[in-house]
Structure formats: structure tokens, C-alpha cells
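Residue numbers (the UniProt record's numbering): 1 to 351. Using N, Cα and C, we set each Cβ at its ideal position, and we do this for glycine too. Computed from a prediction, not measured in an experiment: that's the story for all the values here.
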């Protein structure tokens, strides 16, 4: 309490005035001061975090693939672009010429990491087989900088210790053969078949051929030949020079486009073409009637998953699993080509 002597007009009466702050206990005053300081610090902390977020550079993901500018890569690139936009990362496409082997490709990967790439999407070229020394180098790099292997070689035994996004190659071959059977009432008795692939030694091609052979084992057909698009000497194979067949199964994009073009030029002696492909050219030949059916891998999903998988690893939100479900595919025919369920797939391919 504090006594105050008021002026004489009030008769000199002493009045007691309460000063709440003075009266407040020391502990309570300290508590209020502490709370105020904590509030100020909280506001400063939030502001600092927000400032850092605004000035924080997004993760940089380099994409090393020799066929980055090819039309069959359009959907894959579009998938990566959508994932990059959604997750706030920078995806940089690296287009390099003269990538003659895996060693050349790894040199490019090293260059991009030196340029501050946080992670790498790597699509080994189908024609090039893996080299042990280069593969070991890739594995060492992956321990520090995450690498996602994509494309036809991703499912090979060579890359089993790396992160991969892959297709079920065997199932795609089996599905193509099943469609062929369905179009022929379940029997191919006496039919002669040729199998055409860009590289018959690639892991993807071998698995697709296994799926075809297993499915057609009891169908009564005869496989007359299995050829690569390019010979051992580097010369392009001429389909006209192959023995006459009733059906050509062209089991990758380059092969189905080539076979369909030959059919349109009347160079296949009436053979029907069934294939696996995902380019605008492959879709064109299907729509034009030069291909009977087309198995189309969902490359958009593959591109999307490759970026998301790397983002998950970079940000530690979860550990990417190589056991994840393979990327899907779609069976396209002229009849269902423009169905509602296929519109998104066609849109991605056309990007």
C-alpha cells in the first residue's frame, strides 16, 4: 500500500492508492517477462525459418539419358516435369552426344554432380552392355549421391543393388502374345512368326521374348527368326531380307515403328505387325492400321516415380524401395485407342 496526501481542497484526507505492479509478487513479474521474451523469440524464429525457406535453393536432379530428345521419351520427361513441379525441385535434362559406352555416361554423371546435382536419373542406353568397372564406379557414386536407374536395362541383374524404376518386361511380352492368340481364336497352328528387337542381347528384350515364347508354347506357331535392328557390324537389318512370316512381333519402340513403316511400304509380304512402343510414331501406325495392337508402357508414371523416389531419399521422408510395384502398361488397339481411359496416356505421349 502507498499513502498519498491529497490537496487541501479535499480536506487533507489521506487516501490509500493501490499500485498493482508494485504489489505483484516477484515470481509473477518474472513469469510475465519470461513469457514476453519467449513470444518475441518465437516470432523471430518463425521469421528466420520463413526467410530461409524463401531463399533456399530447390534440390537439383540431373537426368542423363542419350535419347532425351527422342519422341518416345516425351511421356517420361513429362512425368518428371510434373513431379518436379509438385515437389518443388529442379530437373535438368542433359543431352550429350557420343555416349559410346557406360564409361562415357558415368563421366557425364560425375560432371553433373560436380555442378552441384543433388541426385541423378540415369537411363543406360539399350545397346550398351554394362561394364563391371563402370558399374562399380556407379555403385560408389550412389553411396553419396542418389542415382535412380530407369529404362530397359533397369531390371537387369547388373543394377540390382541400385535404385530402379522398371517395367515388368516378361508380362509385356506375354500380354502381346496373348492378344495375338485372342485375335486368332486361341490357335496359331501353322503360323510363322518373326521377332524383331532393337537389341536381342538387352535384358528387356530377352525377358519380353521369354514372355512371348512361354505364352505361345502350345499355340502351334513356329518362330522363324529373332533379329536385332542392327547387326554385329553396325549395319541396319533389312526386314525384307528375312524369311517370309505371317506375323512380326516388334517388341520395342524403334522396332515397331520400323516394322510398321515396312508394312506400309508393302515390304513385309502381307505380314501383320504387333508391337510394343510408346512414341507418337508408334501410335500413328496403330491408328493408320499398319499395326494390329500395341503394348504401351506408362512412361509418364516411370518419369514421375523416378523423381519422387529421389526426392524421398533426399528429404528422408521414407526409404525408397526397389521392391515397389513395376510400372504399368496399356494394351492399345484401333478400337480402344481414343477411349476415355487412354486419353491421359496419349496426352503424355504427345508432349
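Rounded to the nearest whole angstrom, the CA to CA distance from residue 199 to residue 73 is 18 Å.
Just so you know, the alpha carbons of residue 107 and residue 77 end up roughly 22 Å apart. In the displayed model, residue 275 falls within a strand according to three-state DSSP. Rounded to the nearest whole angstrom, the C-alpha separation of residue 302 and residue 333 is 22 Å. Membership of residue 122 in any alpha helix (DSSP H) is not indicated; the residue belongs instead to the beta strand (DSSP E) covering 119 to 123.
Under a 10 Å Cβ-count criterion, residue 153 is classified as buried, with 16 or more other Cβ atoms of the shown protein chains found around its own Cβ. In this structure, residue 271 sits near residue 245, with a CB-CB distance shorter than 7 Å.
In terms of CA proximity to residue 341, 330 leads the group 285, 349, 175 and 330. In the DSSP assignment, residue 228 falls within the beta strand (DSSP E) that extends over 222 to 228. In chain order, 227, 228, 229, 230 and 231 place their CB closer than 7 Å to the CB of residue 237, counting only its own chain and leaving out the 5 sequence neighbours on each side.
Inclusion of residue 274 and residue 345 in the CB contact set at 7 Å is not warranted, their separation being larger than that value. Taking every protein chain shown into account, the CB of residue 193 has 16 or more other CB atoms within 10 angstroms, so this residue is buried. Counting every other CB atom within 10 Å of its CB across the protein chains shown gives residue 262 a total of 16 or more, marking it as buried.
In the three-state scheme derived from DSSP, where H, G and I count as helix and E and B as strand, residue 242 is classed as coil.
Between the alpha carbons of residue 339 and residue 136 lies a distance of about 46 Å. Residue 83 is positioned such that its CB atom lies closer than 7 Å to that of residue 307.
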